[in-house]
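Student: Questions regarding the structure given below will be posed in turn.
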Amino acid sequence: MLLATGGVLLQSLRRSPPDAPATAYDLQIYRDQLAEIDRDLARGTLPPDEAARMRTEVSRRMLDAGRRMAPIDAAPLARTGLLTLLVGAVLAGSVAGYVWLGAPGYPDLPLASRIADAEARRADRPDQVTAEAQVSLPALPAPDTEYAGLINRLRDAVIENPDDLTGLALLATNEATLGNFAAARQAQQALIAAKGDAATAQDYANLAEFFIAATGGYVAPEAEDVLEQALLRDPDNGTARYYAGLMMGQAGRYDLGFRFWRPLVDGPPDAAWMPALRAQIEDMAYRAGVEFTLPPPNGMTPADMVAQLSDRLATSGGPPEDWARLITSLRVLGNPEQSAAILTEARRVFAGNADALAVIEAAAP
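Right, dumping it as structure tokens:
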């Protein structure tokens, strides 16, 4: 009965995996736009007030891109389609670190002092209970009557069979899907206890994820302890390495965060943590003082990515940000005529939409 219930639950929750975002590529395009604005201003082909306006618009888009970090969909949550964890946390930690460590007008702190200060903050950071009390998670929609009934039957089945590994795993996953992270942790901890020495690195990584999801992306000391258990069992576990790097970035130890993340870049392209990793690793490397350029996903060149974007806009359309990205990308790749043609088409598509046209015009040469 429990297996049948679990099958129904998993089938009812199955979703298609999200497409990997191009946030990191967007940020590079925006940097190129800023450089181009500076060049035009220096040549005298762009008035200062117009340059200032364009810089403001491009900077706004860069900030928007940073806030559009893809939600983490790590196992086992990826198997249920739950998108619970926003990964802007490491960027927030980066900004905080800059404000505190890199304030303009102050001399650089020696590396040893920075590391010592970061470690002190890491040791003194809030615990899980405090972090959960401070975070406000988005409300999830209430489950329909049929699904709620299945969950209740699953809970009852686990109470009757507390050592049933399948039931515990299903319960942990589905409690997390409902946003009941405390219940998910309890079920996952029971699963690990029932497995004993057979508990895997992924079992511990999943438990850490439930801790982290409950804090909106913050890695508390309790989650760190669980991650250590995962990495002791498998130092190459992708989920654990991603969250360990996230924790280091939040603490200001960007050097260690980058060390955790760098090997993951060459990992499975369909790994649940890959979109979040690719969106953040260049910023982590920069703050670690490491020269690092993220290779295009799946071996695609920038030209391939631009061609893919062009085909998608031609067949399915898209938001003005995508049109602006295509206009700038074509110009950066040395295709000004095609860029101008796309600009004309975008103006036609968004005629009458002032907000969209403002985004389009910011990408104009």
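For the sequence shown, this note's numbering begins at 7 and goes up steadily by one.
Heads up, the beta-carbon is just placed ideally off N, CA and C, and yes, glycines get one too.
Please read these numbers as outputs of a predicted model, since none were measured by experiment.
#1: Do residue 169 and residue 163 have their C-beta atoms closer together than 9 Å?
#2: Quick one: what does DSSP say residue 291 is sitting in, helix, strand or coil?
#3: What's the C-alpha gap between residue 72 and residue 347?
#4: Is the segment 217–235 close to the segment 243–256, with three or more CB pairs under 8 Å?
#5: Who are the near neighbours of residue 210 in its chain, counting only those whose CB is closer than 8 Å to its CB and skipping five residues on each side?
#6: What did DSSP end up calling residue 143 once you bin it into helix, strand or coil?
#7: Taking the alpha carbon of residue 369 as the reference point, which residue from 332, 283, 355, 156 has its own alpha carbon closest?
#8: Buried or exposed for residue 175, going by 16 or more other Cβ atoms inside 10 Å?
#9: Contact check, residue 264 vs residue 280 under 8 Å by CB: the rounded distance?
#10: I'd like to know if the segment 122–141 and the segment 212–226 are in contact, where contact means that at least 3 CB-CB pairs between them fall below 8 Å.
#11: My output table needs one value for residue 359: the three-state DSSP class, helix, strand or coil.
#12: Is it right to say residue 135 is buried, meaning 16 or more other beta carbons lie within 10 angstroms of its own, or is it exposed?
#13: Answer yes or no: do residue 165 and residue 181 have a C-beta to C-beta separation smaller than 9 Å?
#14: Return the CA-CA distance between residue 187 and residue 151, expressed in angstroms with no decimal places.
#15: Any idea if residue 360 is buried or exposed, counting beta-carbon neighbours within 10 angstroms, 16 or more meaning buried?
#16: Could you give the distance in angstroms between the alpha-carbon of residue 297 and the alpha-carbon of residue 167?
#17: Is residue 150 helix, strand or coil when you go by DSSP?
#18: Label residue 155 either buried or exposed according to how many other C-beta atoms from any shown protein chain fall within 10 Å of its C-beta, with 16 as the threshold for buried.
#19: Return the CA-CA distance between residue 46 and residue 371, expressed in angstroms with no decimal places.
#20: Spatial neighbours of residue 101 within its chain, please: CB distance less than 7 Å, with the 5 preceding and 5 following residues excluded, ordered by chain position.
#21: Residue 323: which of 354, 358, 268, 307 sits nearest, CA to CA?
#22: Evaluate residue 204 with the Cβ neighbour count: other Cβ atoms within 10 Å of its Cβ, from every protein chain shown; 16 or more gives buried, anything less gives exposed.
#23: Within its chain, find whatever has a CB closer than 6 Å to the CB of residue 189; leave out the 5 residues flanking it on each side and keep chain order.
#24: Among 54, 256, 338, which has the Cα closest to the Cα of residue 127?
#25: Give me the Cβ distance between residue 177 and residue 161, rounded to the nearest whole Å; I'm assuming they're in contact under 8 Å.
#26: Applying the criterion that 16 or more other CB atoms from any shown protein chain within 10 Å of the CB defines a buried residue, is residue 146 buried or exposed?
#27: Taking Cβ to Cβ, would you say residue 271 is nearer than 9 Å to residue 259?
#28: For the candidate residues 286, 275, 274, 196, whose alpha-carbon lies nearest to that of residue 253?
#29: If we count the other Cβ atoms within 10 Å of its Cβ and call it buried at 16 or more, is residue 215 buried or exposed?
#30: Round the Cβ separation of residue 302 and residue 308 to the nearest angstrom and send it over; I've been treating them as touching at under 8 Å.
#31: Would you mind working out which of 228, 118, 266, 229 sits nearest residue 242, comparing C-alpha positions?
#32: Output needed for residue 294: all residues of its chain with C-beta closer than 8 Å, excluding positions within five of it in sequence on either side, in chain order.
#33: So residue 216 is in the alpha helix (DSSP H); what residue range does that whole segment cover?
#34: Take the Cβ of residue 335 as the centre, count every other Cβ of all protein chains shown within 10 Å, and call the residue buried at 16 or more, exposed below.
#35: Where residue 318 and residue 345 are concerned, what is the direct C-alpha to C-alpha distance, given to the nearest angstrom?
Tutor: With the structure as the only source:
#1: no
#2: helix
#3: Caution applies to residue 72, whose pLDDT of 44 falls short of 50 and renders its modelled position unreliable; the value that the coordinates give is listed next. The C-alpha of residue 347 is placed about 29 Å away from the C-alpha of residue 72.
#4: yes
#5: The answer, listed in chain order, is 198, 232, 233, 235, 236, 239, 246.
#6: coil
#7: 332
#8: Answer is buried; the Cβ neighbour count reaches 16.
#9: So it is not a contact: roughly 16 Å between Cβ atoms.
#10: Three or more Cβ pairs closer than 8 Å define a contact, and the segment 122–141 meets that threshold against the segment 212–226.
#11: coil
#12: exposed
#13: no
#14: 21 Å
#15: exposed
#16: 54 Å
#17: Residue 150: coil per DSSP, three-state reduction.
#18: exposed
#19: 9 Å
#20: With a pLDDT of 37 at residue 101, under the threshold of 50, the predicted position of this residue should be treated as unreliable, though the coordinate-derived value follows. Counting only Cβ-Cβ distances below 7 Å, and skipping sequence neighbours, we find nothing.
#21: 354
#22: Exposed is the label assigned to residue 204, since fewer than 16 other Cβ atoms lie within 10 Å of its Cβ.
#23: 181
#24: 256
#25: 7 Å
#26: exposed
#27: no
#28: Distances from the CA of residue 253 to each of 286, 275, 274, 196 were compared; the closest alpha carbon is that of 286.
#29: buried
#30: That pair is a contact at about 6 Å.
#31: Checked all of 228, 118, 266, 229; the closest Cα to residue 242 is 266.
#32: 260, 261, 263, 264
#33: Where residue 216 is concerned, the enclosing alpha helix (DSSP H) stretches over 207–220.
#34: So residue 335 counts as buried.
#35: Linking residue 318 to residue 345 through their CA atoms gives a straight-line distance of about 16 Å.
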